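Asks: Please read through the structure below; I'll follow up with questions.
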Amino acid sequence: MGSAPEFRWATPLGASVVLFLLIGALWLFVGALSVPLHNRDARTMFATPETDTRYFGRDSRELIATDPVVSKYRTLWITVVGGFLLLGGTLVVALAWFGLRRHEAWALVALGTGILLAVGLWAVAVAPYFRAGVRLTPGNAPPFIWVPAVLLVPATALGWIGLR
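Each residue of the sequence shown is one higher than the one before, counting from 0 in numbering that gives the first Met the number 0.
Following this line, the structure appears as structure tokens:
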């Protein structure tokens, strides 16, 4: 069994590992803070208060404060999403660090496929906003969605170049 080539940070593969680690770290950060902080400033359902108000047709702060069903559902939703962000972040960091950094092509395939599936499902999740005429931009969409969407192609391309 041969050993993998020496890993270097200042290479396309090194840049790929960094980008995937950033995605994983973001998901870990958001996931870890979502539950303890979700009621600290309960003014959004999903995006920003203004964007949510345009989508839901009522002030999101009012919905959360006056409708116990909405408030309970929001707590449940944030807890579940936070858990999956912790799971996904852990897996992305582990795959990037223990697989891709060691020149394992399977790790790049797993990272690219997994993040692509997550981004694709989030696109389905936000589609109702767009159908309702509400524009989501990086300024008003959750960063755990748009940052991986932006970084996925360069991270995967650099990884592929670095593994060749």
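Cβ coordinates follow ideal geometry from the N, Cα and C atoms, glycine included. Since the structure is predicted, the reported quantities are computational estimates derived from the model, not experimental observations.
Is Ser33 near Leu99, with beta carbons less than 8 Å apart?
Replies: no
Asks: Can Ala104 and Leu25 be called in contact, C-beta distance under 8 Å?
Replies: Going by C-beta atoms, Ala104 is not nearer than 8 Å to Leu25.
Asks: Find the nearest neighbour of Thr112 within the set Ala156, Gly82, Pro142, judged by alpha-carbon distance.
Replies: Ala156
Asks: Looking at the structure shown, is Val133 part of a helix, part of a strand, or coil, going by DSSP?
Replies: Three-state result, Val133: coil.
Asks: Out of curiosity, what's the CA-to-CA distance linking Val133 and Ala3?
Replies: 49 Å
Asks: Got a sec, what are the start and stop residues for the alpha helix (DSSP H) Pro4 sits in?
Replies: First-last for Pro4: undefined, no H or E at that position.
Asks: Should Thr65 be labelled buried (16 or more other beta-carbon atoms within 10 Å of its own) or exposed?
Replies: exposed
Asks: Just the Cα atoms here: how many angstroms apart are Tyr54 and Leu151?
Replies: 28 Å
Asks: Is Val92 near Gly23, with beta carbons less than 8 Å apart?
Replies: yes
Asks: Rounded to a whole number of angstroms, what is the C-alpha to C-alpha distance between Gly138 and Ala106?
Replies: 31 Å
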